[in-house]
Amino acid sequence: MVDAQGRLYNGDELLYLMTVDRLSRNETVPGVVGTLMTNMAVEVALRRKGVQFVRAKVGDRYVLEELVKNGWQLGGEGSGHLLALDKHTTGDGLVSALQVMQACVRAGKTLPQLLAEVTLFPQVLLNVRLQPGQDWKANTQLAQATKDAEQQMGEQGRVLIRASGTEPLLRVMVEAQDAALANRYAQQLADVARVG
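The sequence shown begins at -12 in the numbering used here and counts up by one.
Okay, here's the thing in structure tokens:
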């Protein structure tokens, strides 16, 4: 979704907005489902509001599975596949857009005003080409470097390393409140993955 100034909002931000809108109407929102890629800032902001947050594998079908398992209504992906099970069971863009616009109208505020409480953490995603037969999970240097990065960042960031489901790539994602930190660790981890 894009606002009047041309700023693009991703699904993580819109999921947060849909949740906050329901809370403002005194609806119970026990939990929300995101994915492994959901920005950590959204998780932190939701927890501050007393809303539990669970990460599913990437893909709206996995988000749906977690929603059903937990008996919750709201979930989605950064790509914009948003689910509100009391409204629809697929990531319908029109239904999601209407919910976001409805929240703005109800609050009498713009998207930037409604999302002022959550600033996404810088997220760096690097792709490392895997060689045929390369077992990245057996790379002990990568495991140690990942552990070290996670310990150094603590609650200020996170690391996600996963194989692409469609290409022979290893996806190295680091997000942190500090962009330089995210860049540094992402590059270090990608370099270690390349030599493994």
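By construction, the Cβ of each residue, glycine as well, lies at the ideal position given by its N, Cα and C atoms.
Note that the structure is a prediction, hence the values are computed from the model and not measured.
Residues near residue i in its chain [Cβ-Cβ closer than 8 Å; skip 5 each side]
i: Q89; result: D8
i: E52; result: A43
i: L112; result: R158, V159, M160, A173
Bridge partner(s) assigned by DSSP for residue i
i: F40; result: V19
i: L(-5); result: V(-11)
i: G63; result: L69
i: R149; result: R158
i: Q118; result: For Q118, which the question treats as bridged, DSSP gives no partner whatsoever.
From the options, residue whose alpha carbon lies closest to that of residue i
i: L187; options: K96, P109, P119; result: Outside the shown range of the chain (-12 to 183) lies residue 187, about which nothing can therefore be said.
i: T106; options: V87, A(-9), M27; result: M27
i: M140; options: E162, W123, A125; result: E162
i: D207; options: C91, G78, T153, Q138; result: Absent from the model: residue 207. The displayed extent of the chain is -12 to 183, so no value can be given.
i: Q(-8); options: L113, R149, L98, V111; result: L98
i: L117; options: H75, T76, R149, G46; result: R149
i: M(-12); options: T76, R34, A84; result: A84
i: L147; options: R34, V45, L4, V29; result: V45
Own chain, CB closer than 6 Å to residue i, minus 5 neighbours either side, in chain order
i: E0; result: L102
Cβ-Cβ distance between residue i and residue j below 7 Å
i: A136; j: V159; result: no
i: T6; j: V16; result: yes
i: G63; j: L(-5); result: no
i: L70; j: V50; result: yes
i: F108; j: Q39; result: no
i: G65; j: N(-3); result: yes
i: K74; j: V82; result: yes
i: G80; j: D47; result: no
i: A32; j: E142; result: no
Sequence-distant residues of the same chain with beta carbon closer than 7 Å to residue i, five excluded per side
i: A166; result: P109
i: V115; result: L156, L157, V159, A177, A180, R181
i: L10; result: V16, K36
Residue i at chain B interface by Cβ criterion, 7 Å
i: V(-11); result: Looking for chain B here will not work: only one protein chain is present.
Would you check if the stretch 17 to 37 and the stretch 47 to 65 touch, i.e. whether three or more CB-CB distances between them fall below 8 Å? yes
How do the stretch 166 to 176 and the stretch 115 to 135 stand: do at least 3 beta-carbon pairs fall below 8 Å, yes or no? yes
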